[in-house]
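Chains as they are written, first to last, in the working numbering: chain A, 1 to 93; chain B, 1 to 93; chain C, 1 to 93; chain D, 1 to 93.
Yeah, the Cβ is synthetic: ideal placement off N, Cα and C, and Gly gets one too.
Worksheet: the structure to be examined is printed underneath.
Protein chains: 4
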Amino acid sequence: MAGYGARKDDVLLQLRKVEGQIRGLQRMVDADTYCIDVLTQISAASAGLRKVSLMLLGDHIEHCVVESAEATESERSARVEEATAAIGRLLKS
Amino acid sequence: MAGYGARKDDVLLQLRKVEGQIRGLQRMVDADTYCIDVLTQISAASAGLRKVSLMLLGDHIEHCVVESAEATESERSARVEEATAAIGRLLKS
Amino acid sequence: MAGYGARKDDVLLQLRKVEGQIRGLQRMVDADTYCIDVLTQISAASAGLRKVSLMLLGDHIEHCVVESAEATESERSARVEEATAAIGRLLKS
Amino acid sequence: MAGYGARKDDVLLQLRKVEGQIRGLQRMVDADTYCIDVLTQISAASAGLRKVSLMLLGDHIEHCVVESAEATESERSARVEEATAAIGRLLKS
Chain A
1 MAGYGARKDD
11 VLLQLRKVEG
21 QIRGLQRMVD
31 ADTYCIDVLT
41 QISAASAGLR
51 KVSLMLLGDH
61 IEHCVVESAE
71 ATESERSARV
81 EEATAAIGRL
91 LKS
Chain B
1 MAGYGARKDD
11 VLLQLRKVEG
21 QIRGLQRMVD
31 ADTYCIDVLT
41 QISAASAGLR
51 KVSLMLLGDH
61 IEHCVVESAE
71 ATESERSARV
81 EEATAAIGRL
91 LKS
Chain C
1 MAGYGARKDD
11 VLLQLRKVEG
21 QIRGLQRMVD
31 ADTYCIDVLT
41 QISAASAGLR
51 KVSLMLLGDH
61 IEHCVVESAE
71 ATESERSARV
81 EEATAAIGRL
91 LKS
Chain D
1 MAGYGARKDD
11 VLLQLRKVEG
21 QIRGLQRMVD
31 ADTYCIDVLT
41 QISAASAGLR
51 KVSLMLLGDH
61 IEHCVVESAE
71 ATESERSARV
81 EEATAAIGRL
91 LKS
């Protein structure tokens, strides 16, 4: 089960905002907008994606924590390792 | 004038690919996909945006370099400072 | 209480490695090493710091999860929020 | 020849500051400082390294641009590609 149920609408809203930024980027490139201004907009879209990541991670960690009462130690370790690996991928992306 | 003329099609293609990833993310969230899988897809979209940044930066630096023959020293410094500031924003985003 | 007790030696070892890289960087700059080679070494040191972050985060999340059995809901939320904020700072740094 | 001659002292000063931060991190871990505070300090050290990168990159690009008058087109392209690859490594690190 996904852990972001409560924030699903916020996450979708933020993703639609990023989608709009990506479409705006296409229009900018199509209109030969000055490169530096395009890069500034790319930074904004990346920051928007980072915001989504943090929403999902926060809910995921909360979820893991809440469920841990019924989890075995090895399930718990596997969950934490999985979350840490996902954070590692975000830090590199 | 924008410096990415020659690669415009590649940049647009890559942006459309990222747009598709963002739409895919919305479908994943809408279908309550497991959070960690959503985060992996966000990492992929971020990496796609980074790829666009590097295409644009490469062309921009090349462009600056080519034009520098006719630029004054202060124009040149301003251009380099502007590019460095854009890289700084990318590194933080 | 800090959550990295078990991995303390690994964390310290990794930090000493990064310290050595930073000292190596000073020697490189002092010897006028080619800029691109210095930047490659900076990337390596940053990746080393990221590795430390992930070690600490993994242990911290595990720790939060283990302790949550005795925590109140508001304590738990505060902990998760704090961890998410720390991840956010890492993603921006 | 390295392109950071003029800023060499600033770069070395900044690197020494980062070295001090890494040593501070070792003391924090050694004293079992709360994990989140250690992570905040890691973010600060990473930001310090990023600052060094930007100093070096700015000078490097300026240098490339200045030298380009006497460079052949293929030398110039190779230089720009090399700089872009270095930026790519930084964005991933």
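Tell me, please, whether the CB atom of residue 61 of chain C is closer than 8 Å to any CB atom in chain A? yes
Is residue 37 of chain A near the ligand ATP, judged by its Cβ being under 7 Å from some heavy atom? The model depicted lacks the ligand ATP and carries no ligand whatsoever.
Do residue 52 of chain A and residue 56 of chain B have their C-beta atoms within less than 8 Å of each other? no
Proximity test, Cβ basis, 8 Å: residue 22 of chain D and chain B: no
Apply the 10 Å Cβ neighbour rule to residue 90 of chain D and answer buried if 16 or more other Cβ atoms are within range, or exposed otherwise. buried
Using the three-state DSSP reduction, which class does residue 31 of chain D fall into: helix, strand or coil? coil
Residues from the segment 76 to 87 of chain B in contact with chain D, defined by Cβ distance under 9 Å: 76, 77, 79, 80, 81, 83, 84, 85 and 87
Hey, how far is the Cα of residue 29 of chain C from the Cα of residue 41 of chain C? 11 Å
Contact defined as beta carbons within less than 8 Å: I believe residue 48 of chain C pairs with residue 17 of chain C. What is the distance between those atoms, to the nearest angstrom? 6 Å
Determine whether the Cβ of residue 7 of chain C lies closer than 8 Å to any Cβ atom of chain A. no
Under 9 Å Cβ-Cβ, which residues of chain A neighbour residue 50 of chain C? 88, 91 and 92
Is it right to say residue 13 of chain C is buried, meaning 16 or more other beta carbons lie within 10 angstroms of its own, or is it exposed? exposed
Report yes or no: is there a C-beta of chain B within less than 8 Å of the C-beta of residue 64 of chain D? yes
In angstroms, rounded to a whole number, what distance separates the CA positions of residue 24 of chain D and residue 44 of chain D? 11 Å
Quick one: is residue 83 of chain D buried, meaning 16 or more other Cβ sit within 10 Å of its Cβ, or exposed? buried
Mind listing the chain F neighbours of residue 40 of chain B? Cutoff is C-beta to C-beta under 8 Å, in chain order. Annotation note: the requested chain F is absent from the structure, which comprises protein chains A, B, C and D.
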